[in-house]
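**Student:** For reference, the structure I am asking about is given below.
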Amino acid sequence: MTSNWFKYTMYLIFFAFILTSCENSVSLEEAEEYADNTTSKLAIETRSGQGGCFELIFPVDIEYPDGAVESYDTKEEIREAIKDWRLENPGNAQKPSLSFPVELLTQDGELVTVEDRKELRSFVRECRKENGHIKPCFRLIYPITILFPDGTSEVVEGRRAVKKAVRAWKVENPDATERPSIEFPITIQFDDGSTQEISSKEELLEAKDLCE
Numbered sequence: 002m003t004s005n006w007f008k009y010t011m012y013l014i015f016f017a018f019i020l021t022s023c024e025n026s027v028s029l030e031e032a033e034e035y036a037d038n039t040t041s042k043l044a045i046e047t048r049s050g051q052g053g054c055f056e057l058i059f060p061v062d063i064e065y066p067d068g069a070v071e072s073y074d075t076k077e078e079i080r081e082a083i084k085d086w087r088l089e090n091p092g093n094a095q096k097p098s099l100s101f102p103v104e105l106l107t108q109d110g111e112l113v114t115v116e117d118r119k120e121l122r123s124f125v126r127e128c129r130k131e132n133g134h135i136k137p138c139f140r141l142i143y144p145i146t147i148l149f150p151d152g153t154s155e156v157v158e159g160r161r162a163v164k165k166a167v168r169a170w171k172v173e174n175p176d177a178t179e180r181p182s183i184e185f186p187i188t189i190q191f192d193d194g195s196t197q198e199i200s201s202k203e204e205l206l207e208a209k210d211l212c213e
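So for the sequence shown, our numbering puts the first residue at 2; every next one is plus one.
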């Protein structure tokens, strides 16, 4: 009798263990869907990518629920990292999130450092009010020149250099009300591989309109 009771108890313990393990695991497909949803939320939050009106300047920092912060150079890197995190943390209800500050390139060529979510929401509301939905279909060709409000300029070779230059200027000019901007002309490359020289803010806006 005791032996049967022991076997029954061990069976219940084993069954509970298996059930808990199943509940605390996700499939690769579920992790990929989770990563897609999280990166889409990131694009919506920053109003970047399809349907957006800003270009998010990489690298971008992502903060994980345990407080760790990792830097990524592309949205694809973010997606893969979040997928891997989900596979390793299936039972965590919290989600990775954007770590501030972040840099945005506006529709008219201004470079903006956004310090927190409150400030980001303000930019998004203003953008939505003025421009509705914009669908960028091109990217900047580097190098470009950044013009600073004090009359100085800096040639940068890529997005990481843009981020570094804008943040350095922000630290040195914390009370500035004007923002750095890009110097025209610039060259953009469309999704089909073709390029176009843009000579002004107005031409940049016109190019964005063609993406609608």
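Note that the Cβ used here is the ideal one computed from N, Cα and C, for glycine as well. Computed from a predicted model, the values in this text were never measured in an experiment.
1. Can you tell me where the alpha helix (DSSP H) holding R180 begins and where it ends?
2. Nearest-angstrom Cα distance between W170 and E30?
3. Could you check the C-alpha separation between S200 and P66 for me, to the nearest Å?
4. How is the alpha helix (DSSP H) around D85 delimited, first residue to last?
5. Which of helix, strand or coil does DSSP assign to Y73?
6. Quick one: what does DSSP say V61 is sitting in, helix, strand or coil?
7. Where do the N-terminal and C-terminal ends of the beta strand (DSSP E) with V113 fall, by residue?
8. Just list the residues that DSSP pairs T146 with in beta bridges.
9. Name the DSSP bridge partner or partners of L99?
10. Looking at F139 and P181, is the spacing between their C-beta atoms short of 8 Å?
11. Touching or not, the segment 35-45 and the segment 84-98, by the rule of three or more beta carbon pairs under 8 Å?
12. Pick helix, strand or coil for A169, following the three-state DSSP scheme.
13. Nearest-angstrom Cα distance between E116 and V103?
14. Can you grab the Cα-Cα spacing for the pair P228 / I45, in whole Å?
15. Taking the continuous beta strand (DSSP E) assigned at E188, which residues delimit it?
16. Roughly how far, in whole angstroms, is the beta-carbon of V157 from the beta-carbon of Y143, given that I think they are within contact range, below 8 Å?
17. Once DSSP output is grouped into helix, strand and coil, what is the label at R48?
**Tutor:** Concretely, from the data shown:
1. Looking up residue 180 in the sequence shown gives position 179. Taken as a continuous stretch (DSSP letters only), R180 belongs to no alpha helix (DSSP H), as it is neither H nor E.
2. Numbered from its first residue, the sequence shown carries residue 170 at position 169. Numbered from its first residue, the sequence shown carries residue 30 at position 29. Taking the straight line joining both Cα atoms gives about 43 Å.
3. Mapped onto the sequence shown, residue 200 falls at position 199. Mapped onto the sequence shown, residue 66 falls at position 65. Cα to Cα, the separation comes out at about 44 Å.
4. Counted from its first residue, the sequence shown places residue 85 at position 84. K76 to E89 is the span of the alpha helix (DSSP H), which, as asked, contains D85.
5. Within the sequence shown, residue 73 is the residue found at index 72, counting from 1. In this structure, Y73 counts as strand in the three-state DSSP scheme.
6. Counted from its first residue, the sequence shown places residue 61 at position 60. If DSSP states are grouped into helix, strand and coil, V61 belongs with the strands.
7. Within the sequence shown, residue 113 is the residue found at index 112, counting from 1. Going by DSSP, V113 is part of the beta strand (DSSP E) stretching over L112 to V115.
8. Along the sequence shown, one-based indexing puts residue 146 at 145. T146 is bridged to V156.
9. Looking up residue 99 in the sequence shown gives position 98. In the DSSP output, where bridge partners are listed per residue, L99 has I63.
10. Residue numbering aside, residue 181 sits at position 180 when the sequence shown is read from its first letter. Residue numbering aside, residue 139 sits at position 138 when the sequence shown is read from its first letter. No, the Cβ-Cβ distance between P181 and F139 is not below 8 Å.
11. yes
12. On the sequence shown, residue 169 is found 168 positions in, with the first residue counted as 1. Helix at A169.
13. Indexing the sequence shown from 1 puts residue 116 at position 115. Indexing the sequence shown from 1 puts residue 103 at position 102. Computed Cα separation, rounded: 7 Å.
14. The shown model of the chain, from 2 to 213, leaves out residue 228, and the question about it has no answer.
15. In the sequence shown, the residue the question calls residue 188 occupies position 187. Before going further, note that residue 188 is Thr rather than Glu in the sequence given. Element bounds for T188: I187 to F191.
16. As a position in the sequence shown, residue 157 is number 156, starting the count at 1. As a position in the sequence shown, residue 143 is number 142, starting the count at 1. Indeed they touch by this definition, with Cβ atoms about 7 Å apart.
17. Indexing the sequence shown from 1 puts residue 48 at position 47. The answer is coil: DSSP assigns R48 none of H, G, I, E or B.
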